[in-house]
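Protein sequences, first through last, are from chains A and B. In terms of the working numbering, the first sequence opens at residue 5 and continues consecutively. In terms of the working numbering, the second sequence opens at residue 7 and continues consecutively. From the three backbone atoms N, C-alpha and C, an ideal C-beta is built for every residue, glycine too. All values derive from a computational prediction rather than experimental measurement. Report on the following structure.
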Amino acid sequence: MIKIINNKKIILLAGLTAILLLIPVFITKPYFLHVIVMCLLWAYLASSWNIVGGFAGQLSLGHGIYTAVGAYATVMLFNTLGLSPWLGMLIGGSLAVLLSLIIGFPTFGLRGAYYALATVAISEGVIVLLNSVSNLGKFQVGGAEGLIVKTVGNSFGAIQFVSKVPYYYIMLIALGLAILVAKLVKESRLGYYLVALREDEEAAAALGVNVRNNKLIAGAISAFMTAIGGVFYAMLIRYLEPNAIAGAAAMSTQMVFMTIVGGAGTVLGPVIGGILLSIVSEVIRFYLGGQLMGLHLFVYGLIVMVMIIYQPAGIIAWYDKFKEHRLRKIGNKGGASGAENSSGA
Amino acid sequence: MSVVANGLSMGAIYGLIALGLTLIFGIMRIINFAHGALLMLAMMISYWLWAATGLSPYILIIIVGPIMFIFGYVCELFLIKPVLDAQKEVREPVAVLLLTAALAIVLENGALMLFGADYVMAHTSFSKATLALGSVTVSASRFYGLIIALVAAGAFYLFLQRTQIGRNIRATGQDRNAASLMGINVPKTFAVAFGVGTALLCVAAVVLIPFYYVHPSVGAVFMTKAFIVVVLGGLGSVPGALLGGIIIGLIESIAAQYMAATLTAMLVYLVFLLVLFVKPTGMFGSPYEW
Numbered sequence: 005m006i007k008i009i010n011n012k013k014i015i016l017l018a019g020l021t022a023i024l025l026l027i028p029v030f031i032t033k034p035y036f037l038h039v040i041v042m043c044l045l046w047a048y049l050a051s052s053w054n055i056v057g058g059f060a061g062q063l064s065l066g067h068g069i070y071t072a073v074g075a076y077a078t079v080m081l082f083n084t085l086g087l088s089p090w091l092g093m094l095i096g097g098s099l100a101v102l103l104s105l106i107i108g109f110p111t112f113g114l115r116g117a118y119y120a121l122a123t124v125a126i127s128e129g130v131i132v133l134l135n136s137v138s139n140l141g142k143f144q145v146g147g148a149e150g151l152i153v154k155t156v157g158n159s160f161g162a163i164q165f166v167s168k169v170p171y172y173y174i175m176l177i178a179l180g181l182a183i184l185v186a187k188l189v190k191e192s193r194l195g196y197y198l199v200a201l202r203e204d205e206e207a208a209a210a211l212g213v214n215v216r217n218n219k220l221i222a223g224a225i226s227a228f229m230t231a232i233g234g235v236f237y238a239m240l241i242r243y244l245e246p247n248a249i250a251g252a253a254a255m256s257t258q259m260v261f262m263t264i265v266g267g268a269g270t271v272l273g274p275v276i277g278g279i280l281l282s283i284v285s286e287v288i289r290f291y292l293g294g295q296l297m298g299l300h301l302f303v304y305g306l307i308v309m310v311m312i313i314y315q316p317a318g319i320i321a322w323y324d325k326f327k328e329h330r331l332r333k334i335g336n337k338g339g340a341s342g343a344e345n346s347s348g349a
Numbered sequence: 007m008s009v010v011a012n013g014l015s016m017g018a019i020y021g022l023i024a025l026g027l028t029l030i031f032g033i034m035r036i037i038n039f040a041h042g043a044l045l046m047l048a049m050m051i052s053y054w055l056w057a058a059t060g061l062s063p064y065i066l067i068i069i070v071g072p073i074m075f076i077f078g079y080v081c082e083l084f085l086i087k088p089v090l091d092a093q094k095e096v097r098e099p100v101a102v103l104l105l106t107a108a109l110a111i112v113l114e115n116g117a118l119m120l121f122g123a124d125y126v127m128a129h130t131s132f133s134k135a136t137l138a139l140g141s142v143t144v145s146a147s148r149f150y151g152l153i154i155a156l157v158a159a160g161a162f163y164l165f166l167q168r169t170q171i172g173r174n175i176r177a178t179g180q181d182r183n184a185a186s187l188m189g190i191n192v193p194k195t196f197a198v199a200f201g202v203g204t205a206l207l208c209v210a211a212v213v214l215i216p217f218y219y220v221h222p223s224v225g226a227v228f229m230t231k232a233f234i235v236v237v238l239g240g241l242g243s244v245p246g247a248l249l250g251g252i253i254i255g256l257i258e259s260i261a262a263q264y265m266a267a268t269l270t271a272m273l274v275y276l277v278f279l280l281v282l283f284v285k286p287t288g289m290f291g292s293p294y295e296w
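And the structure:
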C-alpha cells in the first residue's frame, strides 16, 4: 500500500514539475509571466518568513528590513563596484543575518510580543534611515528618491535579462530550494526544538532546549533567505524605493499575511498562501486599481480578514482535513472486508 | 521652555494612545495593529462632526467616545472573538494579530475612498492662539491637549482601580481562567476592554485635530510611536505607558531644536534599541502585572 502511494506521489511530482517547467512555453505574454514570477517570489518570501514566524512561532513584523538590506547592499555594490549580484547577495545575506542577531539577542529571551514590537519599531527606523541617506561615501543610496539599478542588458552574472523567462526559472529554483530548506528544518533536530519552544517555551527550556539560541538560528536562516529574496526583487523591478522594499504594508506584513492565510508552520502553506494572495491582489488591482482610490486594497484587506476569520489555521488545514478523511476511508476499507459499498462518502 | 511644554503635550497624547494598546495587550494578549487606524477613524469622525456642528472639539468627546466604544466592542465581538475561539489551544494568537492588521488596511483604504487623500485640520478659534504662563508661551491647543490627556489618563486609572468593570478587567488580565472561575464573564470583559481601549482614542483624537493634520494614513505615525512607548514603559503597564509617552515626546521636541527632523526620528528609534538592550521589559518591569 505504502509503495503504491509513493509511486503515485512520484508521478504527481513529475507531472507537476513538467507543467512548471513548461509554463513559459505556453504563457508568453510578458505581463502574465511577470505576474507568475512575482507569485513565485512572494511564495519564496513567505516560505522564508515561515522559518522564524511559523516554525519557531516568533512573529517578525519587520522582515522588510532583510529584503531591504539584501537588495540595497547588492545593488550598491553592483552599481558602484560592478560586483555580481550573485556575490552581492551573499554579502547582503550575511548583513541580514547580523541584523537578525542584533534584533533577536535582546528580545528572544522575552515573551513573543516584545520581539514583534521590536521588529516593527526597528523596521520603521530603517525606513527613516533609507529615506534620509542619499549616499554612503562613494556608494549611492538614493534616499527618498530611490535607487535605480544600473542596467547592462542580458547578463547572467548581473541577473539581468530582457525576457522574463530566465527570471521565471531562477525564481522556480529558488522557491524549490526554499521548500527544501523548510522541509529540512522541519525534519531536523532544530525543527523539533522550534516546535517545542513554540508550543511551550518553559517546558522546552526545562527539557534542555536552548530557547534563545534556537530562535536565533531560525531567525538567521530566515533573514538570510529573505535577503536573497530582496535581491531577486531588486533585479526584477530594477528600482529600489524604501517604502516598497522595506515598508510594512508593501513588504513586511505581506509575508505574514501570505504565510498565515496559507498555513503557518507548514512546509507548503506559505507557498500556497503566497501564490494565492498575490494572484488575488493582482486581479483586484487589475480590475479595481484604476477606479476609486484605495478600493483595491480595501477589497484585499476584506478578503484577508474573511480568510482569517473563516480558517485561522490557513488553507493547508483544509487539505489536512481532506487527507485525514481519505486515510480514514482507506483504513475502513482495509479493516472490514467488502466494506467498499457501506463506507460510502 | 515652550519646547518642553510642546514635548509634554505631544508625549501625553502618545501616552494616551499607548494606554489603549497596553490595555488591550494586557487583557487579551493581542497586539492591536488596528490601533493607529482606529485613531485615524476617531480623528476623522471628530473632524467631520466639528465641521458639521462647529462645536468645540473637546465637547465632541461625549459623542465620539461612545461611537468608538461601540465600534471597538462590535469589532471584538464579530471579528476578533471568532478567531480567538478557533485558536483557543494556540499559545500565541497570531491569526488575531493579523486580523487586526487586515482591519487596519480596510479602515485606512476605506477612509481613502470616502474622504480622499487630503490633509484636513480643525481650524478652531484657539488653533493659533497662545497662552502665557508666567514667562513661558505655549500654544493653547497643545496646552489644553496636555491637560485633557492627563485628566483622561487619571480617569482611566480610577476606572480600572475603583469600578467593578475595572476590577473585572484587571482580574481577567491577571489570570483569565481564575477570573472565569470567580464568575467573571471573560468574553464580555474582552469585548469591554477592547471597547474601552478604542474609546480612549477619542480623547487623543479630539485633542489632536485642532493642531494636527488628519489624513487616512495618520494612524501609522502614531502607532509606531505607541509601540515604542509601550515597550519603553513596560507592556501592560498603565503608568509606564503615560510616562513612556512623555519621555518620547520630550526627546522628540528637545532634539528637534538641535538636529534635522529625520535625525530626531532616528534618535527615538535609537533610544528604543538602547532600552531593549539595557532593560527590555521597560521601566515598569514585569509584563504580567499591573
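I'd like to know whether the C-beta atoms of A:V189 and A:I163 end up nearer to each other than 8 Å.
Residue mapping note: residue 189 of chain A aligns to position 185 of the first sequence, counting from 1. Residue mapping note: residue 163 of chain A aligns to position 159 of the first sequence, counting from 1. No, the pair does not count as a contact, with Cβ atoms beyond the cut-off.
**Asked** At a cut of 8 Å, does the region 42-51 of chain A reach the region 103-119 of chain A through at least three beta carbon pairs?
**Response** no
Check: Interface residues of chain A around B:L29 at Cβ under 9 Å?
Finding: Along the second sequence, read from residue 1 onward, the residue named residue 29 of chain B stands at position 23. Going along chain A, no residue has its Cβ under 9 Å from B:L29, so there is no contact; the nearest lies around 14 Å.
Requested in this report: Would you tell me roughly how many angstroms separate the C-alpha atoms of A:G335 and A:K325, rounded to the nearest one?
Outcome: Taking the first residue of the first sequence as 1, we reach residue 335 of chain A at position 331. Taking the first residue of the first sequence as 1, we reach residue 325 of chain A at position 321. Straight-line Cα distance between these residues: approximately 15 Å.
request  = With A:T226 as the anchor, note down where its alpha helix (DSSP H) starts and where it stops.
outcome  = The residue you call residue 226 of chain A lines up with position 222 of the first sequence. Note on identity: in this sequence residue 226 of chain A is Ser, with Thr being the wrong assignment. Start and end: 215-241.
8 Å is my cut-off, CB to CB: does B:G240 come that close to chain A? For the purposes of this step, residue 240 of chain B is identified with residue 234 of the second sequence, where counting begins at 1. So no, B:G240 is outside the interface.
Would you be able to state if there are at least three C-beta pairs under 8 Å between the region 117-124 of chain B and the region 281-300 of chain A? yes
Spatial neighbours of A:A60 within its chain, please: CB distance less than 8 Å, with the 5 preceding and 5 following residues excluded, ordered by chain position.
Residue mapping note: residue 60 of chain A aligns to position 56 of the first sequence, counting from 1. Result list for A:A60: L198, L201, R202, N218, K219, A222, G223, in chain order.
Where B:S133 and B:V10 are concerned, what is the direct C-alpha to C-alpha distance, given to the nearest angstrom? By one-based count along the second sequence, residue 133 of chain B stands at place 127. By one-based count along the second sequence, residue 10 of chain B stands at place 4. The straight-line gap from Cα to Cα measures roughly 19 Å.
Buried versus exposed, by CB contacts within 10 Å (16 or more), A:L331:
Taking the first sequence and counting its residues from 1, one reaches residue 331 of chain A at position 327. Under this definition A:L331 is an exposed residue.
field: Limits of the beta strand (DSSP E) - the one that B:T143 falls within
entry: The residue labelled residue 143 of chain B in the question sits at position 137 within the second sequence. First-last of the beta strand (DSSP E) with B:T143: 142-145.
* Chain-ordered neighbours of B:A93 on chain A, where CB pairs are closer than 7 Å -> For the purposes of this step, residue 93 of chain B is identified with residue 87 of the second sequence, where counting begins at 1. Reading off the sequence, residue 93 of chain B comes out as Gln, not Ala. Chain A residues near B:Q93: P316.
Grab me the residues of A:R246's own chain with a C-beta within less than 6 Å of its C-beta, minus the 5 sequence neighbours each way, in chain order. Numbered from its first residue, the first sequence carries residue 246 of chain A at position 242. The sequence given here places Pro at residue 246 of chain A; Arg does not occur at that position. Excluding sequence neighbours, A:P246 sits near I131, L134, N135.
>> Quick check on DSSP: helix, strand or coil for A:E62?
In response: Counting from one through the first sequence, the residue named residue 62 of chain A turns up at place 58. Checking the sequence, you will find Gln at residue 62 of chain A rather than Glu. Correct three-state label for A:Q62: coil.
**Study point:** Distance, B:V144 Cα to B:E295 Cα
**Key:** Along the second sequence, read from residue 1 onward, the residue named residue 295 of chain B stands at position 289. Along the second sequence, read from residue 1 onward, the residue named residue 144 of chain B stands at position 138. The predicted model places B:E295 with a pLDDT of 42, which falls under 50 and marks its position as unreliable, so this point remains unresolved.
- Query: For B:A128, which residues from the same chain have a beta carbon less than 7 Å from its beta carbon, with the 5 sequence-adjacent residues on both sides left out?
  - Reply: Counted from its first residue, the second sequence places residue 128 of chain B at position 122. For B:A128, where only same-chain residues beyond five positions count, the Cβ hits under 7 Å are Y53, W56, P63, I215, P216.
is_contact[A:A254, chain B] using C-beta, thresh 8 Å: The residue labelled residue 254 of chain A in the question sits at position 250 within the first sequence. No, its Cβ sits nowhere closer than 8 Å to a Cβ of chain B.
Taking the alpha helix (DSSP H) that B:A117 belongs to, which residues open and close that run?
Walking along the second sequence from the start, residue 117 of chain B turns up at place 111. That run of the alpha helix (DSSP H) goes 100-121.
Could you pull out every residue in the same chain whose Cβ sits closer than 7 Å to the Cβ of A:F228, ignoring the five residues on either side in sequence?
Looking up residue 228 of chain A in the first sequence gives position 224. So the list reads G97, A100, V101, once near-sequence residues are dropped.
**Item:** Reduced DSSP secondary structure (H/G/I, E/B, other) of B:I33
**Value:** Along the second sequence, read from residue 1 onward, the residue named residue 33 of chain B stands at position 27. In the structure shown, B:I33 sits in a helix (DSSP, three-state: H, G or I).
### Query
With C-beta atoms as the reference, is A:L240 less than 8 Å away from A:V39?
Translated into the one-based positions of the first sequence, residue 240 of chain A becomes position 236. Translated into the one-based positions of the first sequence, residue 39 of chain A becomes position 35. No, Cβ-Cβ distance for A:L240 and A:V39 is not below 8 Å.
> So which residues on chain D does B:G116 lean against when the C-beta distance must stay under 8 Å?
Replying inline: Structure shown: chain D not included; protein chains present are A and B.
Original post:
Expressed to the nearest angstrom, what Euclidean distance is found between the alpha-carbon atoms of A:A178 and A:P274?
Top reply: Along the first sequence, read from residue 1 onward, the residue named residue 178 of chain A stands at position 174. Along the first sequence, read from residue 1 onward, the residue named residue 274 of chain A stands at position 270. Roughly 14 Å separates the two Cα atoms.
task = Helix, strand or coil for A:I152, going by three-state DSSP, please let me know.
result = As a first step, residue 152 of chain A must be located in the first sequence, where it is residue number 148. Note: A:I152 maps to strand in three-state DSSP.
Practice prompt. Please determine, among A:T111, A:Q62, A:A208, A:G278, the residue with the shortest C-alpha to C-alpha distance to B:F283.
Written response: Reading the second sequence from its first residue, position 277 is the one you call residue 283 of chain B. The shortest Cα separation from B:F283 among A:T111, A:Q62, A:A208, A:G278 belongs to A:T111.
query: With respect to the beta strand (DSSP E) encompassing B:L139, which residues constitute its N-terminal and C-terminal limits?
result: Locating residue 139 of chain B in the second sequence gives position 133, where the first residue counts as 1. 136-139 is the extent of the beta strand (DSSP E) around B:L139.
Tell me, which residues are paired with A:N336 by DSSP? As a position in the first sequence, residue 336 of chain A is number 332, starting the count at 1. According to DSSP, which records beta bridges pairwise, A:N336 is partnered with nothing at all.
field: Which of helix, strand or coil DSSP assigns to A:Q164
entry: To locate residue 164 of chain A, count along the first sequence from 1; it is residue 160. Residue state, collapsed to three classes: strand.
Per-residue DSSP class, three states only, for B:Q180 | For this step, residue 180 of chain B is matched to residue 174 along the second sequence. In this structure, B:Q180 counts as helix in the three-state DSSP scheme.
_Below 7 Å, is the gap between the Cβ of B:D124 and the nearest heavy atom of the ligand SAM?_
No copy of the ligand SAM occurs in the structure displayed, which carries no ligand at all.
Would you tell me roughly how many angstroms separate the C-alpha atoms of A:M255 and B:M188, rounded to the nearest one? Your numbering for residue 255 of chain A matches position 251 in the first sequence. Your numbering for residue 188 of chain B matches position 182 in the second sequence. Rounded to the nearest angstrom, the two C-alpha atoms are 45 Å apart.
Quiz prompt | Element boundaries [alpha helix (DSSP H), containing B:P193] | solution = Residue mapping note: residue 193 of chain B aligns to position 187 of the second sequence, counting from 1. Run containing B:P193: 192-214, per the alpha helix (DSSP H) assignment.
Exercise. May I ask you to list the residues that DSSP assigns as paired with A:Q144?
Key: Within the first sequence, residue 144 of chain A is the residue found at index 140, counting from 1. Partner(s): A:N139.
| task | Measuring only between beta-carbons, confirm whether A:M259 sits less than 8 Å from chain B. | result | The count along the first sequence starts at 1 and reaches residue 259 of chain A at position 255. No - not a single Cβ of chain B is within 8 Å of the one on A:M259.
For the region 220-254 of chain B, list every residue whose C-beta sits within 8 Å of some C-beta in chain A, in sequence order.
P222, A226, T230, F233, I234, V236, V237, L241
message: To be precise: take each residue of the region 119-136 of chain A, compare its Cβ to all Cβ atoms of chain B, and keep it if any distance is under 8 Å. Which residues remain?
response: A120, L121, A122, V124, A125, I126, E128, G129, V132, L133, N135, S136
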